[in-house]
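Below is one structure, written out as C-alpha cells; comments come after it.
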Amino acid sequence: DTAVSQTPKYLVTQMGNDKSIKCEQNLGHDTMYWYKQDSKKFLKIMFSYNNKELIINETVPNRFSPKSPDKAHLNLHINSLELGDSAVYFCASSPPRKTGYNTGYTFGSGTRLTVV
Amino acid sequence: AQSVTQLGSHVSVSEGALVLLRCNYSSSVPPYLFWYVQYPNQGLQLLLKYTSAATLVKGINGFEAEFKKSETSFHLTKPSAHMSDAAEYFCAVSEVLDTGRRALTFGSGTRLQVQP
Chain F
1 DTAVSQTPKY LVTQMGNDKS IKCEQNLGHD TMYWYKQDSK KFLKIMFSYN
51 NKELIINETV PNRFSPKSPD KAHLNLHINS LELGDSAVYF CASSPPRKTG
101 YNTGYTFGSG TRLTVV
Chain L
117 AQSVTQLGSH VSVSEGALVL LRCNYSSSVP PYLFWYVQYP NQGLQLLLKY
167 TSAATLVKGI NGFEAEFKKS ETSFHLTKPS AHMSDAAEYF CAVSEVLDTG
217 RRALTFGSGT RLQVQP
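So, in C-alpha cells, the structure goes:
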C-alpha cells in the first residue's frame, strides 16, 4: 500500500529518557513534515525537510532533532523527554514544492507519546 | 500571513440533518484551502481542497465546500449526516511562514457529533 507509515504507534516513557519516532513514505514525495497535536487537538508544524534538506524549523526546543537519511524517511529524535512533550506526533509528506502548494499533504496515522 | 478560524469547537447534528462546519480565512491573496477529517485515533485524511479552479469543491464522503471570497469563507457542508461522519474536522490553509517557507497551517478543529 502506498502510504506514510510511522512507528511506533504508541510510546510510553519516563521523563528524562531519549526516544525516536520513525517515518517512511513510499509516495515518491520530495517533502516531509513533522506536526505536533496537543491534547486540545491543535496541530502545529515542527519541521520540514525537502530532499534531505531542513527547510522549516519552527521554534522547537533543541531537544528535538529531525533526521532525514533520504527523501523517503524522516525520523524524529527527542532527548531528555519532559511531561509537556506528551502529544500525538504526525508525519506527513507532499509532492515537489511547486506542485505541492495545492495538493495537500498525506499524513501518517500518528505516534501517541506519553511521558510519565 | 494567512490564518484560518473555525467557528464552533463542537457541532452536534441529528442523523440525516444538514452538516455545516465553518471556516474563515484571512488573506490578501487567493489562498489554497483544505478540509481534513480525523477519525478517533487515526491520522488526517484529505476531504477536499480549493485551488482556484472552481468555487464549489466536491470531496469524498458526500462533503463539499464553497469558497466565498467576499466573505473570506470556506465552509464545509454535507446534505445528510451519517453516524460515520462523527469525527474531528480541520480547515487548513497553505501559507508562507515567517521563515519564508510554505506549509499547511491548521484551524483549531471542530468536533462533529451525530445523534441517532
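In the order they appear, the protein sequences are chains F and L.
Going by our numbering, the first residue of the first sequence is number 1, and it counts up by one from there.
Going by our numbering, the first residue of the second sequence is number 117, and it counts up by one from there.
For each residue, glycine too, the CB sits at the ideal point set by N, CA and C.
Neighbour flag for residue i against chain F, beta carbons, 8 Å
i	result
Ala202 (chain L)	no
Gly159 (chain L)	yes
Arg217 (chain L)	yes
Gln132 (chain L)	Residue identity differs from the one stated: residue 132 (chain L) is Gly in this sequence, not Gln. Answer no: the Cβ-Cβ gap between Gly132 (chain L) and chain F never drops below 8 Å.
Gly225 (chain L)	yes
Leu220 (chain L)	yes
Leu192 (chain L)	no
Phe150 (chain L)	yes
Leu162 (chain L)	yes
Phe206 (chain L)	yes
Leu213 (chain L)	yes
Lys165 (chain L)	yes
First and last residue of the uninterrupted beta strand (DSSP E) at residue i
i	result
Ala203 (chain L)	203 to 212
Ile78 (chain F)	73 to 78
Tyr148 (chain L)	148 to 154
Met15 (chain F)	That residue, Met15 (chain F), is in no beta strand (DSSP E); it is neither H nor E in DSSP.
Pro95 (chain F)	Note, Pro95 (chain F): premise wrong, no beta strand (DSSP E); not H, not E.
Gln229 (chain L)	226 to 231
Glu131 (chain L)	Counting along the chain, Glu131 (chain L) falls outside any beta strand (DSSP E), and DSSP gives it neither H nor E.
Pro66 (chain F)	64 to 70
Ala197 (chain L)	Ala197 (chain L) -> no beta strand (DSSP E), and no H or E assigned at all.
Phe47 (chain F)	43 to 50
Ala181 (chain L)	180 to 184
Tyr33 (chain F)	31 to 37
Thr221 (chain L)	218 to 222
Gln158 (chain L)	Here Gln158 (chain L) belongs to no beta strand (DSSP E), and DSSP marks it neither H nor E.
Lys174 (chain L)	172 to 174
Buried or exposed (CB count within 10 angstroms, at least 16 for buried), residue i
i	result
Lys174 (chain L)	exposed
Ile176 (chain L)	exposed
Asp38 (chain F)	exposed
Met32 (chain F)	buried
Val88 (chain F)	buried
Glu53 (chain F)	exposed
Glu82 (chain F)	exposed
Ser119 (chain L)	exposed
Neighbour flag for residue i against chain L, beta carbons, 8 Å
i	result
Phe64 (chain F)	no
Gly110 (chain F)	yes
Tyr49 (chain F)	no
Ile21 (chain F)	no
Gly104 (chain F)	yes
Tyr89 (chain F)	no
Lys41 (chain F)	yes
Ile129 (chain F)	Any answer about residue 129 (chain F) is impossible in this case: the structure gives chain F only from 1 up to 116.
Beta-carbon spacing of residue i, residue j below 8 Å
i	j	result
Asp18 (chain F)	Ile56 (chain F)	no
Leu192 (chain L)	Leu137 (chain L)	yes
Gly110 (chain F)	Gln25 (chain F)	no
Phe47 (chain F)	Pro69 (chain F)	no
Phe183 (chain L)	Leu149 (chain L)	yes
Ala92 (chain F)	Thr103 (chain F)	no
Ala242 (chain L)	Phe190 (chain L)	With chain L represented from 117 up to 232, any question about residue 242 (chain L) goes unanswered, as that position is not in the structure.
Leu213 (chain L)	Phe90 (chain F)	no
Ser130 (chain L)	Ser224 (chain L)	no
Cβ-Cβ separation, residue j to residue i (assumed contact under 8 Å), whole Å
i	j	result
Leu113 (chain F)	Leu43 (chain F)	That pair is no contact at about 15 Å.
Lys194 (chain L)	Phe206 (chain L)	No, Lys194 (chain L) and Phe206 (chain L) are not in contact; Cβ-Cβ is about 16 Å, not under 8 Å.
Val209 (chain L)	Tyr141 (chain L)	5 Å
Val4 (chain F)	Gly84 (chain F)	Wrong, their Cβ atoms sit about 26 Å apart, outside the cutoff.
Val115 (chain F)	Ser86 (chain F)	5 Å
Met199 (chain L)	Val230 (chain L)	5 Å
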